[in-house]
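Peer 1: Pasting in a structure now, in C-alpha coordinates, and then I'll have a few things to ask.
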Amino acid sequence: MTLPGWGLIFLGLMATANGLRKGNDMLNVCMDSKHHKFQPGPEDDLHQQCSPWKKKACCTANTSFAVHEDASYLYNFNFNHCGQMTPACKRHFIQDSCLYECSPNLGPWIQPVSSSWRKERILNVPLCKEDCDQWWEDCRSSYTCKENWQKGWNWTSGINECPIQAACHPFTFYFPTPASLCENIWSRSYNASSFGRGSGKCIQMWFDPAQGNPNEAVAKYYAYSSAPGIFSWRASLPFLILTLLVLLWV
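Numbering (mature numbering (1 follows the signal peptide of the UniProt record, and there is no 0)), first residue to last: -19 to -1, 1 to 231.
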(Lines of atoms letter the chains of each structure in order from A and count residues from 1; the text may use other names and numbers.)
(Lines give C-alpha, C1' and ligand atoms only; values in the text may rest on other atoms or scores of the structure.)
Protein backbone atom coordinates (compact mmCIF):
# COMPACT_ATOMS: atom_id res chain seq x y z
CA MET A 1 0.00 0.00 0.00
CA THR A 2 1.25 3.49 -0.82
CA LEU A 3 2.11 6.12 1.75
CA PRO A 4 -0.95 8.26 0.87
CA GLY A 5 -3.12 5.18 1.43
CA TRP A 6 -1.78 4.66 4.94
CA GLY A 7 -2.21 8.36 5.59
CA LEU A 8 -5.89 8.19 4.68
CA ILE A 9 -6.36 5.16 6.93
CA PHE A 10 -4.76 7.08 9.77
CA LEU A 11 -6.99 10.11 9.19
CA GLY A 12 -10.07 7.92 9.07
CA LEU A 13 -9.18 6.19 12.32
CA MET A 14 -8.46 9.51 13.98
CA ALA A 15 -11.83 10.90 12.87
CA THR A 16 -13.60 7.82 14.20
CA ALA A 17 -11.74 7.91 17.51
CA ASN A 18 -12.42 11.62 17.89
CA GLY A 19 -16.11 11.07 17.28
CA LEU A 20 -16.28 8.28 19.84
CA ARG A 21 -14.43 10.38 22.40
CA LYS A 22 -16.74 13.35 21.96
CA GLY A 23 -19.76 11.10 22.18
CA ASN A 24 -18.49 9.31 25.28
CA ASP A 25 -17.75 12.62 26.97
CA MET A 26 -21.47 13.40 26.88
CA LEU A 27 -22.64 10.19 28.52
CA ASN A 28 -23.06 9.57 32.25
CA VAL A 29 -22.22 13.13 33.25
CA CYS A 30 -23.53 15.64 35.77
CA MET A 31 -23.98 19.35 35.23
CA ASP A 32 -21.68 21.81 36.92
CA SER A 33 -24.48 23.42 38.90
CA LYS A 34 -25.60 24.36 42.39
CA HIS A 35 -26.63 21.00 43.86
CA HIS A 36 -25.31 18.41 41.40
CA LYS A 37 -22.73 15.80 42.34
CA PHE A 38 -19.41 15.85 40.52
CA GLN A 39 -20.16 12.52 38.88
CA PRO A 40 -23.12 10.11 38.91
CA GLY A 41 -23.28 7.17 41.27
CA PRO A 42 -25.71 4.98 43.25
CA GLU A 43 -28.04 6.67 45.75
CA ASP A 44 -30.19 4.05 47.47
CA ASP A 45 -32.30 6.52 49.47
CA LEU A 46 -33.64 8.80 46.73
CA HIS A 47 -37.11 10.03 47.66
CA GLN A 48 -40.36 9.13 45.89
CA GLN A 49 -40.45 10.72 42.41
CA CYS A 50 -36.64 10.81 42.25
CA SER A 51 -36.25 7.10 43.02
CA PRO A 52 -35.97 5.92 39.37
CA TRP A 53 -32.44 7.36 39.28
CA LYS A 54 -31.15 5.60 42.40
CA LYS A 55 -28.84 3.24 40.48
CA LYS A 56 -26.98 6.13 38.86
CA ALA A 57 -27.81 9.64 40.07
CA CYS A 58 -26.39 13.14 39.91
CA CYS A 59 -28.38 14.12 43.02
CA THR A 60 -27.98 13.22 46.67
CA ALA A 61 -30.73 11.83 48.90
CA ASN A 62 -31.02 15.22 50.63
CA THR A 63 -31.56 16.95 47.30
CA SER A 64 -34.24 14.42 46.34
CA PHE A 65 -36.15 15.10 49.57
CA ALA A 66 -35.89 18.87 49.10
CA VAL A 67 -37.24 18.59 45.54
CA HIS A 68 -40.56 17.44 47.00
CA GLU A 69 -40.86 20.46 49.33
CA ASP A 70 -42.30 23.81 48.34
CA ALA A 71 -39.93 26.77 48.74
CA SER A 72 -37.17 24.37 49.80
CA TYR A 73 -33.59 25.38 50.49
CA LEU A 74 -32.60 24.35 46.95
CA TYR A 75 -33.86 27.50 45.23
CA ASN A 76 -36.52 28.98 47.59
CA PHE A 77 -39.00 28.56 44.76
CA ASN A 78 -42.70 28.79 45.63
CA PHE A 79 -44.90 26.86 43.20
CA ASN A 80 -48.01 28.22 44.97
CA HIS A 81 -47.37 31.82 43.94
CA CYS A 82 -50.94 32.11 42.58
CA GLY A 83 -52.79 29.98 45.07
CA GLN A 84 -52.46 26.27 45.75
CA MET A 85 -51.20 24.30 42.79
CA THR A 86 -53.16 21.09 42.20
CA PRO A 87 -51.40 17.88 43.29
CA ALA A 88 -51.53 16.49 39.73
CA CYS A 89 -49.80 19.59 38.39
CA LYS A 90 -47.24 19.69 41.20
CA ARG A 91 -46.31 16.07 40.49
CA HIS A 92 -45.02 17.07 37.04
CA PHE A 93 -42.88 19.85 38.48
CA ILE A 94 -41.41 17.45 41.03
CA GLN A 95 -40.60 14.98 38.26
CA ASP A 96 -39.15 17.83 36.20
CA SER A 97 -36.92 18.77 39.14
CA CYS A 98 -35.88 15.15 39.67
CA LEU A 99 -34.91 14.85 36.01
CA TYR A 100 -32.90 18.07 36.20
CA GLU A 101 -31.15 17.30 39.49
CA CYS A 102 -30.68 13.53 39.19
CA SER A 103 -30.37 12.46 35.56
CA PRO A 104 -26.90 11.56 34.18
CA ASN A 105 -28.40 11.35 30.67
CA LEU A 106 -28.62 15.02 29.72
CA GLY A 107 -25.04 15.40 28.49
CA PRO A 108 -25.82 16.11 24.81
CA TRP A 109 -27.79 19.19 25.85
CA ILE A 110 -25.52 20.65 28.54
CA GLN A 111 -24.30 24.14 27.66
CA PRO A 112 -22.00 26.58 29.50
CA VAL A 113 -23.74 29.53 31.11
CA SER A 114 -22.59 32.63 32.96
CA SER A 115 -24.52 32.63 36.22
CA SER A 116 -23.92 33.27 39.89
CA TRP A 117 -25.29 29.85 40.87
CA ARG A 118 -24.31 27.49 38.06
CA LYS A 119 -21.77 27.13 35.29
CA GLU A 120 -23.85 24.88 33.05
CA ARG A 121 -27.47 24.44 32.04
CA ILE A 122 -29.52 22.22 29.72
CA LEU A 123 -30.88 23.58 26.45
CA ASN A 124 -33.48 22.11 24.07
CA VAL A 125 -33.74 18.67 25.66
CA PRO A 126 -36.26 16.85 23.41
CA LEU A 127 -39.05 16.02 25.85
CA CYS A 128 -41.40 13.24 24.72
CA LYS A 129 -44.74 14.36 23.31
CA GLU A 130 -46.76 12.45 25.93
CA ASP A 131 -44.81 14.14 28.72
CA CYS A 132 -45.51 17.64 27.41
CA ASP A 133 -49.15 16.87 26.69
CA GLN A 134 -49.86 15.37 30.11
CA TRP A 135 -47.96 18.12 31.95
CA TRP A 136 -50.08 20.73 30.22
CA GLU A 137 -53.33 18.81 30.71
CA ASP A 138 -52.75 18.30 34.45
CA CYS A 139 -51.85 21.96 35.01
CA ARG A 140 -54.72 23.55 33.08
CA SER A 141 -56.69 24.34 36.25
CA SER A 142 -53.71 25.68 38.21
CA TYR A 143 -52.75 29.36 38.18
CA THR A 144 -49.60 31.34 37.47
CA CYS A 145 -48.60 34.90 36.59
CA LYS A 146 -45.67 34.34 34.22
CA GLU A 147 -44.74 32.31 31.15
CA ASN A 148 -41.00 32.24 31.91
CA TRP A 149 -40.27 30.99 35.41
CA GLN A 150 -36.50 31.22 34.94
CA LYS A 151 -36.34 34.96 35.53
CA GLY A 152 -38.29 38.12 36.28
CA TRP A 153 -39.67 37.26 39.74
CA ASN A 154 -39.88 39.56 42.73
CA TRP A 155 -37.44 38.06 45.26
CA THR A 156 -37.57 40.80 47.91
CA SER A 157 -39.21 38.46 50.44
CA GLY A 158 -36.65 35.72 49.88
CA ILE A 159 -38.97 33.56 47.78
CA ASN A 160 -40.37 34.19 44.32
CA GLU A 161 -43.47 36.38 44.12
CA CYS A 162 -45.35 37.69 41.10
CA PRO A 163 -43.97 40.93 39.67
CA ILE A 164 -46.08 44.07 40.07
CA GLN A 165 -48.97 44.11 37.59
CA ALA A 166 -48.42 40.46 36.67
CA ALA A 167 -51.91 39.00 37.05
CA CYS A 168 -52.68 35.42 38.02
CA HIS A 169 -54.46 33.43 35.32
CA PRO A 170 -54.99 29.75 34.55
CA PHE A 171 -51.97 28.07 33.01
CA THR A 172 -53.65 28.04 29.60
CA PHE A 173 -53.57 31.86 29.52
CA TYR A 174 -49.77 31.92 29.61
CA PHE A 175 -49.30 28.49 28.02
CA PRO A 176 -51.95 28.02 25.30
CA THR A 177 -50.39 24.78 24.05
CA PRO A 178 -48.38 21.91 25.53
CA ALA A 179 -45.36 23.02 23.49
CA SER A 180 -45.50 26.55 24.90
CA LEU A 181 -45.44 25.14 28.43
CA CYS A 182 -42.53 22.78 27.86
CA GLU A 183 -40.42 25.23 25.90
CA ASN A 184 -41.06 28.57 27.61
CA ILE A 185 -41.38 27.83 31.30
CA TRP A 186 -37.65 27.20 31.85
CA SER A 187 -36.17 29.34 29.05
CA ARG A 188 -35.90 26.60 26.41
CA SER A 189 -34.45 23.99 28.72
CA TYR A 190 -36.85 21.65 26.92
CA ASN A 191 -37.89 21.29 23.33
CA ALA A 192 -41.36 19.83 22.69
CA SER A 193 -40.48 16.76 20.65
CA SER A 194 -42.79 15.32 18.01
CA PHE A 195 -41.49 11.88 18.97
CA GLY A 196 -43.23 9.75 21.56
CA ARG A 197 -42.14 7.40 24.30
CA GLY A 198 -40.50 4.27 22.94
CA SER A 199 -39.13 6.06 19.86
CA GLY A 200 -35.61 6.24 21.27
CA LYS A 201 -35.47 9.90 20.21
CA CYS A 202 -36.96 11.77 23.15
CA ILE A 203 -36.29 12.11 26.86
CA GLN A 204 -38.91 10.89 29.32
CA MET A 205 -39.43 13.12 32.32
CA TRP A 206 -40.15 10.06 34.44
CA PHE A 207 -40.02 6.29 33.92
CA ASP A 208 -40.68 2.98 35.65
CA PRO A 209 -37.28 1.84 36.97
CA ALA A 210 -38.41 -1.79 36.75
CA GLN A 211 -38.37 -1.37 32.97
CA GLY A 212 -34.92 0.21 32.90
CA ASN A 213 -33.92 3.78 32.10
CA PRO A 214 -34.96 4.58 28.48
CA ASN A 215 -33.11 7.89 28.57
CA GLU A 216 -29.74 6.11 28.47
CA ALA A 217 -30.34 4.96 24.89
CA VAL A 218 -31.69 8.37 23.90
CA ALA A 219 -28.58 10.11 25.22
CA LYS A 220 -26.39 7.70 23.23
CA TYR A 221 -28.42 8.31 20.08
CA TYR A 222 -27.90 12.07 20.24
CA ALA A 223 -24.33 11.90 21.51
CA TYR A 224 -23.18 9.76 18.59
CA SER A 225 -25.38 10.98 15.77
CA SER A 226 -27.34 14.18 15.86
CA ALA A 227 -26.74 16.42 18.86
CA PRO A 228 -25.77 19.95 17.73
CA GLY A 229 -22.12 20.85 17.89
CA ILE A 230 -20.65 17.36 18.29
CA PHE A 231 -19.34 14.64 16.02
CA SER A 232 -21.96 13.37 13.57
CA TRP A 233 -21.64 9.94 11.97
CA ARG A 234 -24.01 11.12 9.26
CA ALA A 235 -21.83 14.10 8.42
CA SER A 236 -18.64 12.00 8.50
CA LEU A 237 -19.97 9.16 6.34
CA PRO A 238 -18.98 10.80 2.99
CA PHE A 239 -15.41 11.21 4.26
CA LEU A 240 -15.21 7.58 5.34
CA ILE A 241 -16.63 6.37 2.00
CA LEU A 242 -14.14 8.55 0.11
CA THR A 243 -11.33 7.09 2.19
CA LEU A 244 -12.44 3.56 1.31
CA LEU A 245 -12.68 4.36 -2.41
CA VAL A 246 -9.20 5.88 -2.47
CA LEU A 247 -7.79 2.85 -0.69
CA LEU A 248 -9.40 0.54 -3.24
CA TRP A 249 -8.02 2.69 -6.06
CA VAL A 250 -4.46 2.69 -4.78
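Backbone N, C-alpha and C define an ideal beta-carbon position, used for all residues, glycine too. Because the structure is a prediction, the values reported are computed rather than measured.
Ends of the alpha helix (DSSP H) at Asn105?
Peer 2: Per DSSP, Asn105 belongs to no alpha helix (DSSP H) and is neither H nor E.
Peer 1: Three or more beta-carbon pairs under 8 Å between the stretch 80 to 100 and the stretch 123 to 132, yes or no?
Peer 2: no
Peer 1: With C-beta atoms as the reference, is Trp117 less than 8 Å away from Pro159?
Peer 2: Contact: yes.
Peer 1: Once DSSP output is grouped into helix, strand and coil, what is the label at Glu50?
Peer 2: coil
Peer 1: Output the distance between the C-alpha atoms of Ala208 and Arg72, rounded to the nearest integer angstrom.
Peer 2: Low confidence applies here, because Ala208 scores a pLDDT of 46, under 50, leaving its location unreliable; read the following figure in that light. C-alpha separation (whole angstroms): 29 Å.
Peer 1: Where Val199 and Gln76 are concerned, what is the direct C-alpha to C-alpha distance, given to the nearest angstrom?
Peer 2: 18 Å
Peer 1: For Glu142, which three-state DSSP category applies?
Peer 2: Glu142: strand per DSSP, three-state reduction.
Peer 1: Using 8 Å as the cut-off, can you tell me whether the stretch 146 to 163 makes contact with the stretch 100 to 114, which would need three or more C-beta pairs spanning the two stretches below that distance?
Peer 2: yes
Peer 1: I'd like to check one pair, Ser123 with Phe152: are the Cβ atoms closer than 8 Å?
Peer 2: yes
Peer 1: If we call anything under 8 Å between Cβ atoms a contact, is Cys183 one with Leu87?
Peer 2: no
Peer 1: Just to confirm the assignment, what range does the beta strand (DSSP E) spanning Asn172 have?
Peer 2: Tyr171 to Ala173
Peer 1: Look up Thr44 in the DSSP assignment and say whether it is helix, strand or coil.
Peer 2: helix
Peer 1: Any contact between the stretch 52 to 60 and the stretch 135 to 152? By contact I mean 3 or more CB pairs, one from each, below 8 Å.
Peer 2: yes
Peer 1: Does the beta-carbon of Gln29 have 16 or more other beta-carbons within 10 angstroms, so that it is buried, or is it exposed?
Peer 2: exposed
Peer 1: Which of helix, strand or coil does DSSP assign to Pro195?
Peer 2: coil
Peer 1: Does the Cβ of Lys127 have 16 or more other Cβ atoms within 10 Å, making it buried, or fewer, making it exposed?
Peer 2: buried
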